[in-house]
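Note that full-length UniProt numbering has the sequence shown beginning at 1, numbered continuously upward. Built from N, CA and C at the ideal position, the CB exists for glycine as well. It should be emphasised that the depicted structure is a prediction, and the values quoted were computed from it without experimental measurement.
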Amino acid sequence: MSVQYRVVFKKNDEAIEGPDDADVVIRIDAKNATMNPTTAFMAGKLKAEGNTRSLFEALWSGEAEKVISQLASRP
Numbered sequence: 001m002s003v004q005y006r007v008v009f010k011k012n013d014e015a016i017e018g019p020d021d022a023d024v025v026i027r028i029d030a031k032n033a034t035m036n037p038t039t040a041f042m043a044g045k046l047k048a049e050g051n052t053r054s055l056f057e058a059l060w061s062g063e064a065e066k067v068i069s070q071l072a073s074r075p
């Protein structure tokens, strides 16, 4: 399973982690990055493109919350 995370600060300003050929790409606006990723997904604030199983594994494992938090707290 490979995941690419994108935290969007503004248009053309994103913090990205993960390979370009990832199974799933997870995107969230920086203003929503403090939300629990599962809640954000259910509320339509976290978007995902690609393999749904990989998305759910990232949410369930806690990896998504950890990586999104790191990307959103960039200096």
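Membership of R74 in any alpha helix (DSSP H) is not indicated, and neither H nor E is assigned to it by DSSP. When the five nearest sequence neighbours on each side are left out, the beta carbons in the same chain lying within less than 7 angstroms of the beta carbon of V67 are those of Y5 and E17, in order along the chain.
Fully enclosed beta strand (DSSP E) runs of no fewer than 3 residues occupy 13–17, 24–29 and 46–50 of the UniProt domain "SCP2" (7–53), in order along the chain. When DSSP reads this structure, V3 sits in a beta bridge with V24. In this structure, the CA atom of F56 is about 17 angstroms from the CA atom of A33.
Cβ-Cβ distances below 6 angstroms link A15 to V7, L71 and R74 in the same chain, with the five nearest sequence neighbours on each side left out; the list follows chain order.
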